[in-house]
Amino acid sequence: MSNFRGVEKDIAVNQLFKLPPEDVISDSGHCDGLNISSMLHKQPFAVDECLRPATVQHQLVLFCGETEHGEVSFNQEPWRKYSKRNNEWYIAPAGRNGSAWRWGKKSFSSKESLIYRILLPVSSLEEEAQGIDARNTTVTLIPRMGVVDDLMLKLAFQLQEEMASPSLLGSLYTDAIASLLSLHVLKNHSELIVSKVRSGGVFSSARKATLRDFIMANLHMPISLDQMATLVSLSKFHFSRVFKNTFGMPPYKYIFRTRMNHFEQLLVNTDEPLYLLAEKVGFGHSNNVIRAFRRFKGITPSEYRRRIRSSG
Numbered sequence: 001m002s003n004f005r006g007v008e009k010d011i012a013v014n015q016l017f018k019l020p021p022e023d024v025i026s027d028s029g030h031c032d033g034l035n036i037s038s039m040l041h042k043q044p045f046a047v048d049e050c051l052r053p054a055t056v057q058h059q060l061v062l063f064c065g066e067t068e069h070g071e072v073s074f075n076q077e078p079w080r081k082y083s084k085r086n087n088e089w090y091i092a093p094a095g096r097n098g099s100a101w102r103w104g105k106k107s108f109s110s111k112e113s114l115i116y117r118i119l120l121p122v123s124s125l126e127e128e129a130q131g132i133d134a135r136n137t138t139v140t141l142i143p144r145m146g147v148v149d150d151l152m153l154k155l156a157f158q159l160q161e162e163m164a165s166p167s168l169l170g171s172l173y174t175d176a177i178a179s180l181l182s183l184h185v186l187k188n189h190s191e192l193i194v195s196k197v198r199s200g201g202v203f204s205s206a207r208k209a210t211l212r213d214f215i216m217a218n219l220h221m222p223i224s225l226d227q228m229a230t231l232v233s234l235s236k237f238h239f240s241r242v243f244k245n246t247f248g249m250p251p252y253k254y255i256f257r258t259r260m261n262h263f264e265q266l267l268v269n270t271d272e273p274l275y276l277l278a279e280k281v282g283f284g285h286s287n288n289v290i291r292a293f294r295r296f297k298g299i300t301p302s303e304y305r306r307r308i309r310s311s312g
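Residue numbers (the UniProt record's numbering): 1 to 312.
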């Protein structure tokens with residue numbers, strides 16, 4: 001469980017599941033734009049039965065611990081036996097994911113087990129379906145237990161890590177992870193009637209220039225998928241694919257490279273201190289831009305500036 005990191009707790013999500021505060025390890029709150037939320041909590045073995053309310057979001061629930069046996073009732077249906085194993089998923093569709101769980105006589109280890117719960121808005125799957133240009137975009141998430149899905153596991157760890165400790169790439173990277181997770185769930189755990197699928201295409205020269213100009217003009221501040229997608233009148237999910245087709249890389253990577261290239265030019269052509277240059281390319285603090293530039297060039301900004309000027 002070293003993959004999970006603690007983050008600030010979100011009261012609204014905690015209240016939804018009525019978990020004791022001591023059982024909630026972390027709650028990520030919401031990703032900007034996608035409104036995805038997640039929670040890491042202990043399995044409440046102190047009680048013999050627990051209720052989980054139905055939610056308006058889809059739930060992707062990861063079990064982490066030693067094998068657990070018990071009985072479950074979904075949506076007030078008859079009880080049935082279940083087993084949970086380490087790193088298995090329970091996929092629960094929105095509105096149909098109310099459940100009651102009971103353990104009775106425990107036949108498993110008393111070692112602490114953890115639950116990582118992702119709440120995925122219905123709209124995220126619908127917009128992914130629209131993004132591949134499907135004529136029929138009615139999406140049905142398939143309820144499943146005992147799902148082994150290594151990619152979903154990897155994305156979940158990345159999502160929780162990014163929410164716990166946001167990277168220099170900001171919400172664009174979180175959006176990219178969440179979008180990929182939605183697309184993966186759509187492809188592998190949903191039913192979707194697709195009459196026609198066509199490639200995402202590329203931006204026209206005019207739209208490409210508009211996006212380039214917008215990014216350059218706003219390097220000093222955060223740039224979101226919503227802003228750029230609105231600029232070219234696309235959903236952000238479709239926008240991400242067309243952007244990658246056009247520029248050869250995802251939006252967050254293109255913006256990062258543009259910030260770094262502009263920062264490099266400022267290093268060479270001005271004598272301004274690093275903290276001012278950091279603000280001009282949207283990093284806010286000199287320590288952030290130093291780390292980013294070292295990753296970009298393999299050298300600190302100050303050393304790069306000295307080398308360039310000594311060679312000139």
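Backbone N, C-alpha and C fix where the C-beta goes; we use that ideal spot for every residue, glycine too. All figures in this text were calculated on a predicted structure; none of them were measured in a lab.
Neighbour-count burial assignment, Gln-160, 16 or more Cβ in a 10 Å radius: For the purposes of this step, residue 160 is taken as the residue at position 160 of the sequence shown. Flag for Gln-160 reads buried.
Which of helix, strand or coil DSSP assigns to Glu-206: On the sequence shown, position 206 is the one that residue 206 refers to. The amino acid occupying residue 206 in the given sequence is Ala; Glu does not appear at that position. In the structure shown, the three-state DSSP call for Ala-206 is helix.
Between the CA atoms of Ile-115 and Gly-65 - distance to the nearest angstrom: Within the sequence shown, residue 65 is the residue found at index 65, counting from 1. Within the sequence shown, residue 115 is the residue found at index 115, counting from 1. For Gly-65 and Ile-115, the distance between alpha carbons rounds to 9 Å.
Residue range of the beta strand (DSSP E) that includes Val-147: Counted from its first residue, the sequence shown places residue 147 at position 147. Run containing Val-147: 144-147, per the beta strand (DSSP E) assignment.
Sequence-distant residues of its chain with Cβ nearer than 6 Å to Tyr-252 (five each side left out): Mapped onto the sequence shown, residue 252 falls at position 252. Result list for Tyr-252: Leu-169, Leu-172, Tyr-173 and Ala-176, in chain order.
Span of the beta strand (DSSP E) around Ile-118: Locating residue 118 in the sequence shown gives position 118, counting from the first residue. That run of the beta strand (DSSP E) goes 114-120.
Proximity of Trp-103 and Val-147 at Cβ, strictly below 8 Å: The sequence position of residue 103 within the sequence shown is 103, counting from 1. The sequence position of residue 147 within the sequence shown is 147, counting from 1. No; because the gap between Cβ atoms is not below 8 Å, this pair is not in contact.
Closest residue to Gln-76 among Ala-94, Ser-99 and His-238 (Cα-Cα distance): What you label residue 76 is simply residue 76 of the sequence shown in a count that begins at 1. Of Ala-94, Ser-99 and His-238, the residue nearest in Cα terms is Ser-99.
Three-state class that DSSP yields for Phe-283 in the structure shown: What you label residue 283 is simply residue 283 of the sequence shown in a count that begins at 1. If DSSP states are grouped into helix, strand and coil, Phe-283 belongs with coil.
Closest by C-alpha distance to Ile-118, when choosing among Ser-235, Gln-59, His-262 and Gly-298: Looking up residue 118 in the sequence shown gives position 118. For Ile-118, the nearest C-alpha among the options comes from Gln-59.
Expected contact under 8 Å - CB spacing of Val-289 and Leu-277 to nearest Å: Stepping through the sequence shown from its first residue, residue 289 is reached at position 289. Stepping through the sequence shown from its first residue, residue 277 is reached at position 277. So it is a contact: roughly 7 Å between Cβ atoms.
Euclidean distance between Cα positions of Gln-227 and Ala-209: In the sequence shown, counting from the first residue as 1, residue 227 sits at position 227. In the sequence shown, counting from the first residue as 1, residue 209 sits at position 209. Taking the straight line from one Cα to the other gives about 15 Å.
Beta strand (DSSP E) runs contained entirely in the stretch 39-89, provided each spans 3 or more residues: Whole beta strand (DSSP E) segments, 3+ residues: 49-52, 58-64, 68-74 and 80-84.
Cβ neighbours of Lys-244 in the same chain (closer than 6 Å, five flanking residues each side left out): For the purposes of this step, residue 244 is identified with residue 244 of the sequence shown, where counting begins at 1. Counting only Cβ-Cβ distances below 6 Å, and skipping sequence neighbours, we find Pro-250.
Whole-angstrom distance between Met-260 and Arg-294, CA atom to CA atom: Sequence index remark: in the sequence shown, residue 294 carries index 294 (1-based). Sequence index remark: in the sequence shown, residue 260 carries index 260 (1-based). The alpha-carbon atoms of Arg-294 and Met-260 are separated by roughly 10 Å.
Three-way DSSP call (helix, strand, coil) for Arg-295 in this model: Within the sequence shown, the letter at position 295 stands for residue 295. It is helical.
Cβ neighbour criterion (16 or more within 10 Å) applied to Val-13: Residue numbering aside, residue 13 sits at position 13 when the sequence shown is read from its first letter. With a pLDDT of only 49 at Val-13, under the threshold of 50, the placement of this residue in the model should not be trusted; the figure read from the coordinates follows. Flag for Val-13 reads buried.
Per-residue DSSP class, three states only, for Ser-37: Against the sequence shown, residue 37 aligns to sequence position 37. Of the three classes helix, strand and coil, the one that applies to Ser-37 here is strand, per DSSP.
Nearest residue (CA-CA) to Gly-70, options Asn-86, Gln-57, Pro-78 and Trp-101: Mapped onto the sequence shown, residue 70 falls at position 70. Checking every option, the nearest Cα to that of Gly-70 belongs to Trp-101.
Leu-172: first and last residue of the uninterrupted beta strand (DSSP E) it sits in: One-based indexing of the sequence shown puts residue 172 at position 172. Here Leu-172 belongs to no beta strand (DSSP E); instead the alpha helix (DSSP H) covers 171-189.
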